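Accompanying notes for the structure given below.
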Amino acid sequence: MRYIDEYRDARLAHALAAEITRRVTRPCVLMEICGGQTHTLMRYGIDELLPSPIELVHGPGCPVCVTALETVDKAIQLASRPDVTLVSYGDMLRVPGSRSDLFRVKAGGGDVRVVYSPVEALKVARARPERQVVFFAVGFETTAPANAMAVWQARREGLKNFSMLVSHVLVPPAIRLLLSSPTNRVQGFIAPGHVCTVMGYREYEVLSRDFRVPIVVGGFEPLDLLEAISMLVAQLEAGRAEAENQYVRSVCYEGNLPAQRLMGQVFEVCDRKWRGVGLIPQSGFRLKPEFAAHDAEKVFDLADAEVDEPPECISAQVLQGLKKPVDCPAFARTCTPENPLGAPMVSSEGACAAYYQYRRHVTGKSDVRSPKSEVKDGRLDVR
Amino acid sequence: MCLAVPGKILEVEEREGSRIARVQFGGITRPAYLDFVPEAAVGDFVMVHVGFAISRVNAEEAARTYELLEEMGLLEESEIPSPESDESMSDVRSPKSGAKT
Numbered sequence: 001m002r003y004i005d006e007y008r009d010a011r012l013a014h015a016l017a018a019e020i021t022r023r024v025t026r027p028c029v030l031m032e033i034c035g036g037q038t039h040t041l042m043r044y045g046i047d048e049l050l051p052s053p054i055e056l057v058h059g060p061g062c063p064v065c066v067t068a069l070e071t072v073d074k075a076i077q078l079a080s081r082p083d084v085t086l087v088s089y090g091d092m093l094r095v096p097g098s099r100s101d102l103f104r105v106k107a108g109g110g111d112v113r114v115v116y117s118p119v120e121a122l123k124v125a126r127a128r129p130e131r132q133v134v135f136f137a138v139g140f141e142t143t144a145p146a147n148a149m150a151v152w153q154a155r156r157e158g159l160k161n162f163s164m165l166v167s168h169v170l171v172p173p174a175i176r177l178l179l180s181s182p183t184n185r186v187q188g189f190i191a192p193g194h195v196c197t198v199m200g201y202r203e204y205e206v207l208s209r210d211f212r213v214p215i216v217v218g219g220f221e222p223l224d225l226l227e228a229i230s231m232l233v234a235q236l237e238a239g240r241a242e243a244e245n246q247y248v249r250s251v252c253y254e255g256n257l258p259a260q261r262l263m264g265q266v267f268e269v270c271d272r273k274w275r276g277v278g279l280i281p282q283s284g285f286r287l288k289p290e291f292a293a294h295d296a297e298k299v300f301d302l303a304d305a306e307v308d309e310p311p312e313c314i315s316a317q318v319l320q321g322l323k324k325p326v327d328c329p330a331f332a333r334t335c336t337p338e339n340p341l342g343a344p345m346v347s348s349e350g351a352c353a354a355y356y357q358y359r360r361h362v363t364g365k366s367d368v369r370s371p372k373s374e375v376k377d378g379r380l381d382v383r
Numbered sequence: 384m385c386l387a388v389p390g391k392i393l394e395v396e397e398r399e400g401s402r403i404a405r406v407q408f409g410g411i412t413r414p415a416y417l418d419f420v421p422e423a424a425v426g427d428f429v430m431v432h433v434g435f436a437i438s439r440v441n442a443e444e445a446a447r448t449y450e451l452l453e454e455m456g457l458l459e460e461s462e463i464p465s466p467e468s469d470e471s472m473s474d475v476r477s478p479k480s481g482a483k484t
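Chains as they are written, first to last, in my numbering: chain A, 1 to 383; chain B, 384 to 484.
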């Protein structure tokens with residue numbers, strides 16, 4: 001496919017890795033924010049292609065993983081009601097709530113449907129006027145314009161049976177929190193290319209200036225990520241701290257203005273609790289008061305319970321880049337994609353699931369899984 | 384979740400005040416709303432996320448980036464061993480896997 005295949009060229013990947021190796025003279029810790037980028041790095045073995053001074057840690061950029069446990073419980077409450085059809089992106093179904101998950105509610109007869117686009121949720125609401133249709137609107141800035149459009153459209157049509165349970169999160173406040181922490185180790189960030197496609201990268205310029213940290217907006221293919229890493233290393237070696245854009249084929253400085261306009265009409269910024277991280281000020285979107293008729297939190301009387309995570313799950317530290325999935329005693333033992341303890345093992349973009357899928361836990365260990373030949377499976381064999 | 388996939392606009396129609404495109408991703412086609420990329424036209428590539436185009440692929444910038452990469456690759460060629468496996472990594476991921484979220 002055009003704009004994908006050419007960015008997976010093994011020869012150029014080797015060339016970029018060689019250039020990075022030549023450039024780097026000191027240890028550096030880099031973080032990619034987006035779970036999609038984590039997935040590419042693991043899938044293609046880019047972490048193993050890089051020279052040893054470069055350590056990659058993985059950020060909190062997986063909306064499925066950071067949706068608060070309380071919010072997952074609210075979705076489960078809604079899906080359990082006989083008058084409600086809950087519509088969701090597929091990844092949310094197996095995310096553990098405090099006592100159940102949406103998949104189990106569905107198996108028990110709850111009306112839970114999976115869609116690819118919020119537009120399909122609207123179709124369900126139009127087709128079933130006797131049902132209350134609730135769309136579970138999770139996502140980062142990338143997904144916000146589409147979800148905003150669904151609510152906008154619902155209001156325009158006067159759809160009385162459509163509402164959204166909104167759990168939108170924003171990337172820059174999370175980066176600010178990570179950089180403000182006394183335990184922060186991250187010296188350079190790969191900013192999420194599709195979030196920046198929508199938002200531009202003005203906000204990242206402010207962050208790089210405030211914290212004197214290099215930030216490069218990166219794409220999602222192997223060559224994109226290698227080039228972004230190369231640009232970060234060049235900045236670190238030169239003592240620069242700027243916001244740069246590697247993903248020029250999709251991202252421009254001011255972002256997508258029509259999308260930002262609609263988001264501004266539908267959403268307002270609010271404090272938001274992130275699973276595994278805690279409350280981050282001004283880090284989420286909620287619906288504006290004029291959309292209250294489509295806000296599931298207002299339409300339904302939802303209990304807001306205090307809930308706890310399983311104590312053995314270290315996803316909090318994993319999501320903040322303080323620990324790697326393999327540092328967790330439960331990883332690949334009591335916590336697997338089939339039986340996840342925490343959300344990062346559920347979503348295909350969660351760091352734990354990526355490590356598990358691409359066998360990062362078998363290196364040097366014989367007790368866990370699979371012969372070596374399998375290690376190559378599914379990875380771009382660039383070595 | 385934030386995946387967006389590049390696809391080529393095959394045709395555009397107006398429906399209920401929205402422009403909707405038929406977009407080709409490798410072997411499959413899917414509809415995509417063009418509300419956020421009013422400038423996109425037939426023949427353009429757009430990045431599509433959950434059924435909405437969020438950017439028009441900047442072909443000139445893409446070409447320039449790739450030429451730079453190519454140049455560097457040629458310079459490197461003499462210094463590195465050639466990969467034993469396939470030159471292309473394109474077959475490792477099915478086009479479907481990217482199209483969902």
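Where a beta carbon is used, it is the ideal one built from N, C-alpha and C, also for glycine. Note that the structure is predicted; figures quoted are calculated from it, not measured.
Cβ neighbours of residue 262 of chain A within its own chain (closer than 8 Å, five residues either side excluded): 145, 148, 149 and 152. Against chain B, a Cβ distance below 7 Å from residue 62 of chain A picks out 384. Close to chain B, meaning a Cβ-Cβ distance shorter than 7 Å, are the following residues of the stretch 124–149 of chain A: 139, 140, 142, 143, 145, 146 and 149. CA-to-CA, the gap between residue 87 of chain A and residue 236 of chain A works out to about 45 Å.
For the set A/340, A/159, A/12 and A/133, the Cα lying nearest the Cα of residue 450 of chain B is the one of A/12. Proximity to residue 131 of chain A across A/138, A/142, A/157 and A/162 peaks at A/162, based on C-alpha coordinates. Residue environment analysis places residue 320 of chain A among the buried positions, since at least 16 neighbouring C-beta atoms fall within 10 angstroms of its C-beta. C-alpha of residue 63 of chain A to C-alpha of residue 343 of chain A: approximately 10 Å in a straight line.
For residue 280 of chain A, the enclosing beta strand (DSSP E) starts and ends at 278–287. Counting along the chain, residue 27 of chain A sits inside no beta strand (DSSP E), nor does DSSP assign it H or E at all.
Interface criterion not met: the Cβ of residue 394 of chain B is under 9 Å from no Cβ in chain A. Chain A has no Cβ within less than 9 Å of the Cβ of residue 412 of chain B. The continuous beta strand (DSSP E) containing residue 392 of chain B extends over residues 388–398.
A/175 is the residue among A/175, A/305 and A/250 whose C-alpha sits nearest the C-alpha of residue 33 of chain A. Of all C-beta pairs linking the stretch 208–220 of chain A to the stretch 183–193 of chain A, three or more are shorter than 8 Å, placing the two stretches in contact.
When the five nearest sequence neighbours on each side are left out, the beta carbons in the same chain lying within less than 7 Å of the beta carbon of residue 298 of chain A are those of 292, in order along the chain. The C-beta of residue 404 of chain B comes no closer than 9 Å to any C-beta of chain A.
Neighbours of residue 397 of chain B in chain A, taken as residues whose beta carbon is under 9 Å from its own, are absent, since the nearest beta carbon is some 15 Å off. Under the Cβ distance rule, residue 116 of chain A counts among the residues neighbouring chain B, one pair being separated by less than 9 Å.
Separation of the CB atoms of residue 170 of chain A and residue 283 of chain A is rounded to 5 Å, and the pair is thereby assigned contact status at 8 Å. For residue 444 of chain B, the chain A residues whose C-beta falls within less than 7 Å of its own C-beta are 248 and 249, listed in chain order. The C-alpha of residue 438 of chain B is placed about 12 Å away from the C-alpha of residue 392 of chain B. Residue range 401–408 is occupied by the beta strand (DSSP E) that includes residue 407 of chain B.
A direct Cα-to-Cα measurement between residue 119 of chain A and residue 436 of chain B gives close to 13 Å. Taking the Cα of residue 239 of chain A as reference, the smallest distance to any Cα among A/121, A/194 and A/28 is reached at A/28.
Residue pairing by DSSP places residue 441 of chain B opposite no residue, since no beta bridge is assigned to it. Distances from the alpha-carbon of residue 92 of chain A to those of A/359, A/310, A/340 and A/312 put A/340 closest. DSSP places residue 270 of chain A in the uninterrupted beta strand (DSSP E) bounded by 267–274. Contact between the stretch 46–55 of chain A and the stretch 67–78 of chain A is not established, with fewer than three Cβ pairs separated by less than 8 Å. Here residue 272 of chain A is buried: its Cβ has 16 or more other Cβ atoms, across all protein chains shown, within 10 Å. Residue contact check for residue 262 of chain A against chain B: a CB pair falls below 9 Å.
Within the stretch 2–14 of chain A, the residues whose Cβ lies closer than 9 Å to any Cβ of chain B are, in chain order, 2, 3, 4, 5, 6, 7, 8, 9, 10, 11, 12, 13 and 14. Here DSSP, grouped into helix, strand and coil, assigns residue 147 of chain A to helix. In the three-state reduction of the DSSP assignment, residue 421 of chain B falls in the coil class, being assigned neither a helical nor a strand state.
In the structure shown, the three-state DSSP call for residue 345 of chain A is helix. Contact residues of the stretch 178–198 of chain A toward chain B are 192, 193, 194, 195, 197 and 198 (C-beta to C-beta distance below 9 Å).
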